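Chain order of the listed sequences is R and F.
The letter at position 69 of the first sequence is residue 69 when you use my numbering, and the numbering goes up by one with no holes.
The letter at position 22 of the second sequence is residue 208 when you use my numbering, and the numbering goes up by one with no holes.
First the structure, in the form of structure tokens, and then the observations on it.
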Amino acid sequence: SSAKPARAVSHPLEYSWTFWFDSPAAKSRQTAWGSSMRPIYTFSTVEEFWSIYNNIHHPSKLAHRTDFYCFKHKIEPKWEDPVCANGGNWTMGISKAKLDNSWLYTLLAMIGEQFDHGEEICGAVVNVRARQEKIAMWTKNATNEGAQVSIGRQWKRLLDSNESIGFIFHDDAIKLDKGAKNKYTA
Amino acid sequence: RGEDGNGEMAKKYSRDFLLTFSDQCTDLPEEFEITSDIAEALIVSNINVSRESF
């Protein structure tokens with residue numbers, strides 16, 4: 001008879017993180033932005049992360065108009081969340097060829113606490129669109145310029161990106177929508 | 187640098203270290219709920235899902 005396998009050691013993450021999903025089908029049934037996204041699973045260990053990640057479609061296989069989020073547990077990926085309200089986000093346009101790796105490397109850097117100002121990070125979202133996929137990193141305190149620029153620069157290095165990226169305050173996005181301008185660049 | 191609010195070292199894992207686990211954890215967690223809205227849109231595994239009618 002075979003021996004019972006020893007209980008595997010699990011590696012706890014610094015934070016718990018939640019995956020959220022917003023599908024085109026769900027969006028088309030709702031009128032209010034943000035009302036169709038929903039949390040899928042909250043993970044707290046390295047092992048749990050891979051258990052999910054290995055069983056879900058990577059961004060290149062998701063339907064257009066899908067948004068997929070990974071945010072710290074209890075922070076909702078919405079401007080009006082109290083933690084997000086004073087924040088902003090860095091956005092990077094990603095080529096289709098680099099999309100899956102860019103998303104994975106962003107996730108690993110966040111959950112593995114590889115950012116010097118990780119405490120500022122709320123989470124990240126990948127927007128799957130026909131014209132151009134984007135990944136955005138949301139942060140808490142937009143006016144903390146030093147922390148935001150540090151995050152933007154480190155993110156570019158992690159993704160081996162040479163393109164200029166911009167940071168928009170959520171306040172401006174709410175007031176000006178597409179007219180919001182980058183307050184910082186990296 | 188690396189102390190969190192409790193004065194303990196923050197749990198940092200490099201990309202390379204995290205990637206070493208990617209082959210080991212291939213099953214969804216037991217308590218993961220595959221609802222009909224994500225069964226096809228998001229989930230890869232070949233699992234028979236009973237679809238609830240709306």
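Ideal Cβ positions, reconstructed from N, Cα and C, are used throughout, including at glycine.
As the structure is a prediction and not an experimental result, all values here were calculated from the model.
Inside the segment 50-134 of chain R, DSSP marks whole alpha helix (DSSP H) runs of 4 or more residues at positions 99-111, from first to last along the chain.
Under the Cβ distance rule, P59/R does not count among the residues neighbouring chain F, no pair being separated by less than 8 Å. Comparing C-alpha distances from E133/R to each of T91/R, H117/R and C122/R shows the shortest one belongs to T91/R. Residues of chain F with a Cβ closer than 8 Å to the Cβ of S150/R do not exist, since the nearest Cβ in that chain sits about 12 Å away.
Looking at the DSSP output, G166/R shares a beta bridge with T91/R and T185/R. Nearest CB-CB separation between A225/F and chain R: not below the 8 Å threshold.
Rounded to the nearest whole angstrom, the C-alpha separation of A225/F and T42/R is 17 Å.
As the crow flies, the alpha-carbon of F169/R is around 20 Å from that of F115/R.
In this structure, N144/R and E120/R form a Cβ contact; the two beta carbons are roughly 7 Å apart against a cut-off of 8 Å.
For S208/F, the nearest CB of chain R lies under 8 Å from its own CB, placing it at the interface with that chain.
Residue range E145 to L158 is occupied by the alpha helix (DSSP H) that includes W155/R. Note on geometry: alpha-carbon atoms of S51/R and Q30/R lie some 30 Å from one another. Any Cβ of chain R closer than 8 Å to the Cβ of S200/F would place that residue at the interface, and such an atom is present. Contact annotation: F19/R and G88/R have beta-carbon atoms that are not nearer than 8 Å. Between F71/R and chain F, the shortest Cβ-Cβ separation is not below 8 Å.
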